[in-house]
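Top to bottom, those sequences are chains A and B.
Note that numbering that gives the first Met the number 0 gives residue 75 to position 76 of the first sequence, counting from 1, and the numbers run on in steps of one.
Note that numbering that gives the first Met the number 0 gives residue 25 to position 26 of the second sequence, counting from 1, and the numbers run on in steps of one.
We put the CB at the ideal spot given by N, CA and C, even for glycine.
Predicted model only: the values in this text are computed from it and were never measured.
Okay, structure first, notes after.
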Amino acid sequence: MNQIPISRRDFLKVSGLVASGSLFLGVNVGCESQKQNTSNNLMPNIWIRVSPDNTITVIVSESEMGQGTYTALPMLVAEELEVNWDKVLVERASVDPVYGYQFTGGSNSIRRGWGKLRLAAALTRELFIRAGALHFKVDKERCTAGQGYVITGDKKISYGELIPIADGLEIDEQVSLKNISEFSIIGKPVPRKDLVSKVNGTALFGMDIKLKDQLYSTVVHPPFIGAKLISYDPASITNMAGVIDVFSIDQGVAIVGKDTWTVFEAAKILAVEWSEQVECQDTETIIDKTRQLDENSRVKEETLGNVDEVFKSSNRIVKREYILPFQAHMTMETMNCTTHFKDDGDVEIWVPTQSPSGVYDVAKNIAQSKIERKLRQLKNDILGGYDDTINVNTTYLGGGFGRRLQHDYVSESVQISKRYKHPVQHVWSREEDLKQDYFHPLTLHDISVCLDDQGYPLAWHHIIKGGGVNAIGADHLYDIPNKKIEVLNGPEYLRKGSWRSVGAHYNVYVIEHLIDELALQSNYDPIEYRLNLLKNSSRLSKVIETVAELSGWSERANEEYIYGIAAARTFGSYVAEVVMLKKIKENGFKLHKVFCVVDCGVAVNPDIVKQQMEGGIIWGLTAATKSKITVNNCQVEQKNFYNYPIIRLDEVPSIEVHILKSSENPEGIGEPGVPPLAPAIANAVLNATGRSSYELPIRMS
Amino acid sequence: MILTINGKVHEVSVPDDIPLLWVLRDYLKLTGTKYGCGVGACGSCMVLVDGDPQYSCILKASDCVDKDVVTIEGAEHNQNIKKVQQAWIKHQVPQCGYCQSGQILMAASLLDKTNSPNEEDIDRAMSRVLCRCGTYPRVKSALLNCDKNCE
Numbered sequence: 000m001n002q003i004p005i006s007r008r009d010f011l012k013v014s015g016l017v018a019s020g021s022l023f024l025g026v027n028v029g030c031e032s033q034k035q036n037t038s039n040n041l042m043p044n045i046w047i048r049v050s051p052d053n054t055i056t057v058i059v060s061e062s063e064m065g066q067g068t069y070t071a072l073p074m075l076v077a078e079e080l081e082v083n084w085d086k087v088l089v090e091r092a093s094v095d096p097v098y099g100y101q102f103t104g105g106s107n108s109i110r111r112g113w114g115k116l117r118l119a120a121a122l123t124r125e126l127f128i129r130a131g132a133l134h135f136k137v138d139k140e141r142c143t144a145g146q147g148y149v150i151t152g153d154k155k156i157s158y159g160e161l162i163p164i165a166d167g168l169e170i171d172e173q174v175s176l177k178n179i180s181e182f183s184i185i186g187k188p189v190p191r192k193d194l195v196s197k198v199n200g201t202a203l204f205g206m207d208i209k210l211k212d213q214l215y216s217t218v219v220h221p222p223f224i225g226a227k228l229i230s231y232d233p234a235s236i237t238n239m240a241g242v243i244d245v246f247s248i249d250q251g252v253a254i255v256g257k258d259t260w261t262v263f264e265a266a267k268i269l270a271v272e273w274s275e276q277v278e279c280q281d282t283e284t285i286i287d288k289t290r291q292l293d294e295n296s297r298v299k300e301e302t303l304g305n306v307d308e309v310f311k312s313s314n315r316i317v318k319r320e321y322i323l324p325f326q327a328h329m330t331m332e333t334m335n336c337t338t339h340f341k342d343d344g345d346v347e348i349w350v351p352t353q354s355p356s357g358v359y360d361v362a363k364n365i366a367q368s369k370i371e372r373k374l375r376q377l378k379n380d381i382l383g384g385y386d387d388t389i390n391v392n393t394t395y396l397g398g399g400f401g402r403r404l405q406h407d408y409v410s411e412s413v414q415i416s417k418r419y420k421h422p423v424q425h426v427w428s429r430e431e432d433l434k435q436d437y438f439h440p441l442t443l444h445d446i447s448v449c450l451d452d453q454g455y456p457l458a459w460h461h462i463i464k465g466g467g468v469n470a471i472g473a474d475h476l477y478d479i480p481n482k483k484i485e486v487l488n489g490p491e492y493l494r495k496g497s498w499r500s501v502g503a504h505y506n507v508y509v510i511e512h513l514i515d516e517l518a519l520q521s522n523y524d525p526i527e528y529r530l531n532l533l534k535n536s537s538r539l540s541k542v543i544e545t546v547a548e549l550s551g552w553s554e555r556a557n558e559e560y561i562y563g564i565a566a567a568r569t570f571g572s573y574v575a576e577v578v579m580l581k582k583i584k585e586n587g588f589k590l591h592k593v594f595c596v597v598d599c600g601v602a603v604n605p606d607i608v609k610q611q612m613e614g615g616i617i618w619g620l621t622a623a624t625k626s627k628i629t630v631n632n633c634q635v636e637q638k639n640f641y642n643y644p645i646i647r648l649d650e651v652p653s654i655e656v657h658i659l660k661s662s663e664n665p666e667g668i669g670e671p672g673v674p675p676l677a678p679a680i681a682n683a684v685l686n687a688t689g690r691s692s693y694e695l696p697i698r699m700s
Numbered sequence: 000m001i002l003t004i005n006g007k008v009h010e011v012s013v014p015d016d017i018p019l020l021w022v023l024r025d026y027l028k029l030t031g032t033k034y035g036c037g038v039g040a041c042g043s044c045m046v047l048v049d050g051d052p053q054y055s056c057i058l059k060a061s062d063c064v065d066k067d068v069v070t071i072e073g074a075e076h077n078q079n080i081k082k083v084q085q086a087w088i089k090h091q092v093p094q095c096g097y098c099q100s101g102q103i104l105m106a107a108s109l110l111d112k113t114n115s116p117n118e119e120d121i122d123r124a125m126s127r128v129l130c131r132c133g134t135y136p137r138v139k140s141a142l143l144n145c146d147k148n149c150e
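What follows is the structure, encoded as structure tokens:
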């Protein structure tokens, strides 16, 4: 795309009415008063390009990995710009630093875009209204905007036709944003922009890049982290037709060939010797060592009230240990990256990534020497701009879920491609993809609760132990006067990464399952028990009450169907889920139905919100009932879908999602559907059998 | 090797044992068919061979000589693929979209057998194609309502 130099002195100070009626000030939309006109298009800011044919291109700096960013973010622009949705095109932002450090994760895209994109669009709309007023020679107060036109009386002119006039105008720095009641696109289930190409096979994922004279590569990685390459025998594969080269790189042994299959087959045959690990782990030793972590490993401690005192003086204490396993991402598209070192010295990369900025950094460090990087930095410091000799093209992502925030495969691709003049597509087999994952960490939870005479918690002490673990989701909203949350971080054993809903997955499981156990112990209805502890949290209470009503909670008979509930606020959104299990045989259960109620503030596109809740529930189902990663002799035991099974269509219950109407600012939606699912199932099993599930996956019989 | 893909005859020079998937993707640049597992476990690579759904990642290309192969790119010659595509849009099925060619080819072959599949038919057929985003409920409802939606 065209690079738009932006001066940073013009961080706009804009006051505008937002939905809640409050003022927001000093929002940086990256706009500047000197608009840039490239060819005949007008780009009044870095997010919007208006073309003479009146198409509007929205630049999106968040990756599309299924969660709907290429639809929901442009909706924010279309709403304030007053344009016809059919005329809106979507373009992925380049790695130009004006877009900031691009990183799609943490259910943040809409939260980040909500202010800045609407503001950028409103400023652009006002610009065209003033241009229209000049064109019609009327006061701008007599002009309105609609469907991409400026209208006055019975006359109208398109934004595209107004470009020459608008180009000569300064951008106003004051504009009002619409009230919720005025929205015509936000809040509507607008069809996704990306779906036509996704049903006809033309959507380009990373692996679909096919360039002239393209070669293919893969890497044979060590069998476990820490193993070092001792030797490999090129002769074991060089006689294979289609194998072009074999050589070692930082991460293992690279094989280059004429097609993907040839390099995958060669990788199976290549004779490689790796060093042995002196001390080898398996799942049991990892659990033992994690259990032994103590305060020397403490990285976080949050306290409220006086937990230790209350425990000392109490005689009603419940202590539990939960052990939750490693999990893998298993994105349907395995890791891949295509790199071309061109004759002119430029490096072009095509990659499905959640962070093109991360890709850029990795590539730059390998493609350029330290001196070269310094010189380029100096040049940019003096002349402005950035080093665009490394160009990152972000394709569609065949799933992300946190895995594509890591860029080990990019590093490999750049190292390999550096040797060739032709583009090289670097692809991992499913087996390498699973073995080389950045896993959801194994966690141990020591949790102790001190109860009052009524059976409600007086003090709560949650210790989260593991390698690279966190307290996301541990800060529950239950009104307990004394609380302590500790995080003890030890060795990771397997590489650790972000995995859809990150820490909230394990922390909410523990909290929500224990809450039910406590309620049951004192003969409370689990919903009544929760609501009594949530008197200060009306939004979480409301989703719980609504899901109770929707699912017929109070009329449940617990004969044929058994119910379980869990709820949490994560990534800003409030979600409650009720699962219905059906008895299928003596002590056996099948998932029958899941009810889900979500309050995510304004639901920008309610159909995408529903998709994400369905997807989150199904993601949760796999981890709750099917999958876990185990380690034997340092090695991950699972290889492929046949022994790391993910949920199939015939195992999925019907799912009913209900979105609460809200005028609060929008919150995260990609992840909040996940955390309540596993504890809701565990709670249903608990209700049916009296048995708690202190480990995942949950035993369903 | 001579292969007939979507009614078009292609002559390709490829390794002897290469699976059909990689001929489609790497040699013919028909990239709508996807790699997901390489062992016939996930179904992202599903194509129709003489009308039957087949995992193209474990099917030798040489076994497809003299057979009719249909991929997602062949939708215009196949009423049921078109029908499924329309239902998929109507129900907004895809999320990341990677497995959807496989889902759609599998669904089209189901419609080849029965015009209005019931839940059991859908469960049996569609459980052969995995989706990590969780589009299953919409796959199901799109197929259950296919007759209504696709005309």
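Legend entry - Nearest candidate by alpha-carbon position, reference GLN173 (chain A), set A:LEU476, A:GLU558, A:THR123: Your numbering for residue 173 (chain A) matches position 174 in the first sequence. The residue with the shortest Cα to Cα distance from GLN173 (chain A) is A:THR123.
Legend entry - Cβ neighbour criterion (16 or more within 10 Å) applied to ARG290 (chain A): Locating residue 290 (chain A) in the first sequence gives position 291, where the first residue counts as 1. Per the 10 Å Cβ criterion, exposed.
Legend entry - Residue-chain proximity (PRO490 (chain A), chain D), Cβ-Cβ < 8 Å: Looking at the structure shown, chain D is missing, and the protein chains on hand are A and B.
Inset, instruction - Report whether the distance from the Cβ of ARG403 (chain A) to the nearest heavy atom of the ligand PLP is below 7 Å. - result: Of the ligands one can find in the structure shown there are none, so the ligand PLP has no counterpart to examine.
Legend entry - Residues that DSSP places opposite HIS657 (chain A) in a beta bridge: Numbered from its first residue, the first sequence carries residue 657 (chain A) at position 658. Bridge pairing for HIS657 (chain A): A:VAL596 [DSSP].
Inset, instruction - Return the first residue and the last residue of the alpha helix (DSSP H) that ASP387 (chain A) is part of. - result: Position 388 of the first sequence, counting from 1, holds the residue named residue 387 (chain A). Per DSSP, ASP387 (chain A) lies in no alpha helix (DSSP H) and is assigned neither H nor E.
Legend entry - HIS475 (chain A) - containing alpha helix (DSSP H), residue span: Here residue 475 (chain A) refers to the residue found at position 476 when the first sequence is read from its first residue. HIS475 (chain A): not part of any alpha helix (DSSP H); DSSP gives it neither H nor E.
Inset, instruction - Determine the direct distance from the alpha carbon of ILE80 (chain B) to that of ASP606 (chain A), and round the result to whole angstroms. - result: If you number the first sequence from 1, residue 606 (chain A) lands on position 607. If you number the second sequence from 1, residue 80 (chain B) lands on position 81. Cα-Cα distance, rounded: 24 Å.
Inset, instruction - Could you check if THR284 (chain A) is buried or exposed, using at least 16 other CB atoms within 10 Å of its CB as the buried criterion? - result: Here residue 284 (chain A) refers to the residue found at position 285 of the first sequence. Exposed: under 16 other Cβ atoms inside 10 Å.
Inset, instruction - Give a yes or no on whether the C-beta atoms belonging to VAL578 (chain A) and LEU590 (chain A) are separated by under 8 Å. - result: Translated into the one-based positions of the first sequence, residue 578 (chain A) becomes position 579. Translated into the one-based positions of the first sequence, residue 590 (chain A) becomes position 591. The answer is yes: Cβ separation under 8 Å.
Inset, instruction - Mind checking who ASP232 (chain A) pairs with in its DSSP beta bridge? - result: Your numbering for residue 232 (chain A) matches position 233 in the first sequence. Answer is A:ALA270.
Inset, instruction - Note down, in chain order, each residue of its chain lying with its Cβ closer than 6 Å to the Cβ of GLY667 (chain A), except the 5 sequence neighbours on either side. - result: Start at 1 with the first residue of the first sequence, and residue 667 (chain A) comes out as number 668. Around GLY667 (chain A), the same chain offers SER106, PHE570, GLY571, SER572 as residues with beta carbons nearer than 6 Å, after the five sequence neighbours per side are excluded.
Inset, instruction - Have a look at A:GLU485, A:LEU443, A:ILE150, A:GLU371 and flag the residue whose alpha-carbon is nearest the alpha-carbon of ASN707 (chain A). - result: Outside the shown range of chain A (0 to 700) lies residue 707 (chain A), about which nothing can therefore be said.
Inset, instruction - Indicate whether at least one CB of chain B lies closer than 8 Å to the CB of MET334 (chain A). - result: Your numbering for residue 334 (chain A) matches position 335 in the first sequence. Chain B contact via Cβ: absent.
Legend entry - 9 Å Cβ cut-off: residues of chain B touching PHE204 (chain A): Here residue 204 (chain A) refers to the residue found at position 205 of the first sequence. Chain B residues near PHE204 (chain A): THR30, LYS33, CYS95, GLY96, TYR97.
Inset, instruction - Look at the alpha carbon of ALA124 (chain B) and the alpha carbon of SER43 (chain B), and state the distance between them as a whole number of angstroms. - result: As a working note, residue 124 (chain B) is residue 125 in the second sequence. As a working note, residue 43 (chain B) is residue 44 in the second sequence. Whole-angstrom Cα-Cα distance: 14 Å.
Legend entry - Cβ shell of ASN586 (chain A) (< 8 Å), same chain only, five flanking positions each side left out: Stepping through the first sequence from its first residue, residue 586 (chain A) is reached at position 587. If the five residues before and after ASN586 (chain A) are omitted, its C-beta is found closer than 8 Å to the C-beta atoms of THR688, SER700, all from its own chain and listed in chain order.
Legend entry - Residue-chain proximity (MET699 (chain A), chain B), Cβ-Cβ < 8 Å: Sequence index remark: in the first sequence, residue 699 (chain A) carries index 700 (1-based). No - not a single Cβ of chain B is within 8 Å of the one on MET699 (chain A).
Inset, instruction - With a threshold of 16 other CB atoms inside 10 Å of the CB of THR56 (chain A), please say whether the residue is buried or exposed. - result: By one-based count along the first sequence, residue 56 (chain A) stands at place 57. Buried is the call here.
Legend entry - Identity of the residues DSSP links to HIS406 (chain A) by a beta bridge: Taking the first sequence and counting its residues from 1, one reaches residue 406 (chain A) at position 407. None; HIS406 (chain A) has no bridge partner.
Legend entry - alpha helix (DSSP H) segment containing PRO422 (chain A), residue limits: For the purposes of this step, residue 422 (chain A) is taken as the residue at position 423 of the first sequence. Element bounds for PRO422 (chain A): n/a, residue is neither H nor E.
Legend entry - Contact list for TYR135 (chain B) against chain A, beta-carbon separation under 7 Å: Position 136 of the second sequence, counted from the first residue, corresponds to residue 135 (chain B). By Cβ distance, chain A contributes ILE617, LEU648, VAL651.
Inset, instruction - Note down the Cα distance separating THR388 (chain A) from SER216 (chain A), rounded to an integer number of angstroms. - result: Here residue 388 (chain A) corresponds to residue number 389 of the first sequence, with the count starting at 1. Here residue 216 (chain A) corresponds to residue number 217 of the first sequence, with the count starting at 1. Straight across, the Cα-Cα distance linking THR388 (chain A) with SER216 (chain A) is about 23 Å.
Legend entry - Residues within the segment 251-270 of chain A neighbouring chain B, beta-carbon criterion of under 9 Å: Within the segment 251-270 of chain A, the residues whose Cβ lies closer than 9 Å to some Cβ of chain B are LYS257, ASP258, THR259, TRP260, THR261, PHE263, GLU264, listed in chain order.
Inset, instruction - Leaving out five residues on either side along the sequence, give the residues of the same chain with a beta carbon under 8 Å from the beta carbon of TYR643 (chain A). - result: Taking the first sequence and counting its residues from 1, the one referred to as residue 643 (chain A) is at position 644. So the list reads ALA327, MET329, LEU433, SER626, ILE628, GLN637, once near-sequence residues are dropped.
Inset, instruction - Could you please give the first and the last residue of the uninterrupted alpha helix (DSSP H) stretch that includes VAL82 (chain A)? - result: Taking the first sequence and counting its residues from 1, one reaches residue 82 (chain A) at position 83. Note, VAL82 (chain A): premise wrong, no alpha helix (DSSP H); not H, not E.
Inset, instruction - Could you tell me whether any Cβ in chain B is nearer than 8 Å to the Cβ of ILE645 (chain A)? - result: Here residue 645 (chain A) refers to the residue found at position 646 of the first sequence. Chain B, which has a Cβ nearer than 8 Å to the Cβ of ILE645 (chain A), makes this yes.
Legend entry - First through last residue of the beta strand (DSSP E) which encompasses THR337 (chain A): Locating residue 337 (chain A) in the first sequence gives position 338, counting from the first residue. Note, THR337 (chain A): beta strand (DSSP E), 335-340.
Legend entry - Cutoff 8 Å: MET0 (chain B) Cβ touching any chain A Cβ: For the purposes of this step, residue 0 (chain B) is identified with residue 1 of the second sequence, where counting begins at 1. The C-beta of MET0 (chain B) comes no closer than 8 Å to any C-beta of chain A.
Legend entry - Residue(s) in a DSSP beta bridge with LEU2 (chain B): Looking up residue 2 (chain B) in the second sequence gives position 3. Per DSSP, B:HIS9.
Legend entry - Residue range of the beta strand (DSSP E) that includes PRO43 (chain A): To locate residue 43 (chain A), count along the first sequence from 1; it is residue 44. Membership of PRO43 (chain A) in the beta strand (DSSP E) is indicated by the continuous run 40-44.
Inset, instruction - Output yes if chain A places a C-beta closer than 8 Å to the C-beta of GLU72 (chain B); else output no. - result: In the second sequence, residue 72 (chain B) corresponds to position 73, counting from 1. Yes, GLU72 (chain B) counts as interfacial toward chain A.
Legend entry - Helix, strand or coil at ASN295 (chain A) [DSSP, three-state]: Taking the first residue of the first sequence as position 1, residue 295 (chain A) is located at position 296. Under the three-state reduction of DSSP, ASN295 (chain A) is assigned to helix.
Inset, instruction - With DSSP collapsed to three states, give me the class of GLN84 (chain B). - result: For the purposes of this step, residue 84 (chain B) is taken as residue 85 along the second sequence, with counting starting at 1. The answer is helix: DSSP assigns GLN84 (chain B) an H, G or I state.
Legend entry - Beta-carbon proximity list for ILE243 (chain A), same chain, < 6 Å, skipping 5 on both sides: Reading the first sequence from its first residue, position 244 is the one you call residue 243 (chain A). The residues are VAL255, GLY256.
Inset, instruction - Give a yes or no on whether 8 Å exceeds the smallest Cβ distance from GLU31 (chain A) to chain B. - result: Start at 1 with the first residue of the first sequence, and residue 31 (chain A) comes out as number 32. With a pLDDT of 33 at GLU31 (chain A), under the threshold of 50, the predicted position of this residue should be treated as unreliable, though the coordinate-derived value follows. Chain B, which has no Cβ nearer than 8 Å to the Cβ of GLU31 (chain A), makes this no.
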